[in-house]
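Comments concern the structure below.
In the numbering used here, the protein residues as written are 42 to 450.
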């Protein structure tokens, strides 16, 4: 059975559970929360070992093939272009579609939120390099350590041959363990989806955010079925760009219902390699980096949500200058969410309202009940974008062994 079918069945069962069973009691909620948490932990269990060993090997191979610099440039340019494109799509969609106003909240601001950029930059070089291997949320220090290790292997292959062989073997072992976990997490999707559905049903009953959810869904469908395949068709002359969308179904399900970028990353890695045929030397670098920094979907949800709240506060039209400011800030904030695999969009919204000022500092409170659902759309789009962009780079670098769709896992 295809993996995406297993995950789809798990998602359907989770939704049915939320509809049929009552989770009003504290004990029932605790049991559901336990199974949800352990499922997410299991899904992220092999991320660090796999990424570290595989990225180290990949950096060494790309360096020897003289493709490391070009791959890095592709990552930077594609990240900037796709994020800017998604911001523009978000701005245009919310300008031309007038959504119902969200009732003003009487809740007061409590506490402060920060992206801790300075602390995160310092984490890149911890006092002990091994410390880079222990942060399960912010993976950039791990990438840096893997990059240095890979460059070290490439500098003298004669001396590093034995160590390189060990790393390559550990990479393959980690991948096999990851495959085991990605298979069994299909069962865990029942609890994850049930938890998400309970929250979702409570929100849509009020009808307050239904217009926003529908707009985000439409934008997701447009970007997934039109924008991203068109980019692939124009840049790679790919005759079947929708095969990337098909290979991304499992990751979309996992990212949407968990809202966790690192939870969907192992599924993306597996499908990129086994379904799309992208070589490890490319996919194990591009996918993790895109998962951390290419948050185009988050940028889209940020600008849409911000404009919706502004319109809820005032009937006045938003000036062109404000639109430009929102677009630029949404673009910039999206690249600062690497340490937040979950909830990054809502944190960015808090900071965006704080930066905007003018009495709108508490505007994010209007979106607080719907924050989890908004972040779900962001995570699903981010996972899909990472797959398309990783495939694009591998195609350009000729690091793909094409497979027929019937052989996709």
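Note that beta-carbon positions come from the ideal geometry of N, C-alpha and C, so glycine has one too.
When DSSP labels each residue in this structure, what does residue i get in the three-state scheme?
i	result
residue 266	helix
residue 139	coil
residue 231	helix
residue 426	helix
residue 319	strand
residue 363	helix
residue 145	coil
residue 249	coil
residue 301	strand
residue 441	strand
Could you check whether residue j and residue i sit closer than 9 angstroms to each other, using their CB atoms as the reference points?
i	j	result
residue 226	residue 295	yes
residue 235	residue 42	no
residue 88	residue 306	yes
residue 327	residue 431	yes
residue 368	residue 128	yes
residue 104	residue 204	no
residue 359	residue 386	no
residue 401	residue 285	no
residue 231	residue 84	no
residue 240	residue 398	no
residue 229	residue 76	yes
residue 311	residue 423	no
residue 216	residue 329	no
residue 44	residue 393	no
residue 410	residue 244	yes
residue 353	residue 370	no
residue 442	residue 405	no
residue 101	residue 192	yes
residue 99	residue 333	no
residue 46	residue 287	no
For residue i, tell me which candidate among the options has the shortest Cα-Cα distance.
i	options	result
residue 78	260, 396, 301, 249	301
residue 97	154, 142, 210, 61	210
residue 131	403, 173, 338	338
residue 219	92, 258, 168, 379	92
residue 190	382, 95, 366, 111	95
residue 403	412, 101, 391, 413	391
residue 181	260, 410, 377	377
residue 321	138, 139, 440	440
residue 383	304, 106, 263	304
residue 408	251, 198, 171	251
residue 426	70, 48, 269	269
residue 82	109, 138, 293, 233	233
residue 331	449, 355, 119, 276	119
residue 156	375, 447, 279	375
residue 224	54, 74, 80, 447	80
residue 450	313, 364, 373	313
residue 355	143, 200, 197	143
My guess is that residue i and residue j are in contact by the Cβ rule of under 8 angstroms, so how many angstroms apart are they, rounded?
i	j	result
residue 298	residue 237	5 angstroms
residue 179	residue 380	4 angstroms
residue 222	residue 86	6 angstroms
residue 242	residue 418	At roughly 17 angstroms, the Cβ-Cβ gap does not stay under 8 angstroms, so residue 242 and residue 418 are not in contact.
residue 267	residue 135	That belief does not hold up - the Cβ atoms of residue 267 and residue 135 are roughly 18 angstroms apart, past 8 angstroms.
residue 138	residue 256	6 angstroms
residue 271	residue 279	Not a contact, Cβ separation roughly 10 angstroms.
Contact between the segment 340-360 and the segment 107-117 is defined here as three or more beta-carbon pairs at a separation below 8 angstroms; is this criterion met?
The way I'd put it, the segment 340-360 doesn't touch the segment 107-117; fewer than three beta-carbon pairs between them come closer than 8 angstroms.
Any contact of the segment 426-446 with the segment 316-331, i.e. 3+ C-beta pairs under 8 angstroms?
Two segments are said to touch when three or more pairs of C-beta atoms, one from each, lie closer than 8 angstroms; by this definition the segment 426-446 touches the segment 316-331.
Counting Cβ pairs, one atom from each stretch, are 3 or more of them under 8 angstroms apart for the segment 53-68 and the segment 158-167?
The count of Cβ pairs closer than 8 angstroms, one atom from the segment 53-68 and one from the segment 158-167, stays below three, leaving the stretches out of contact.
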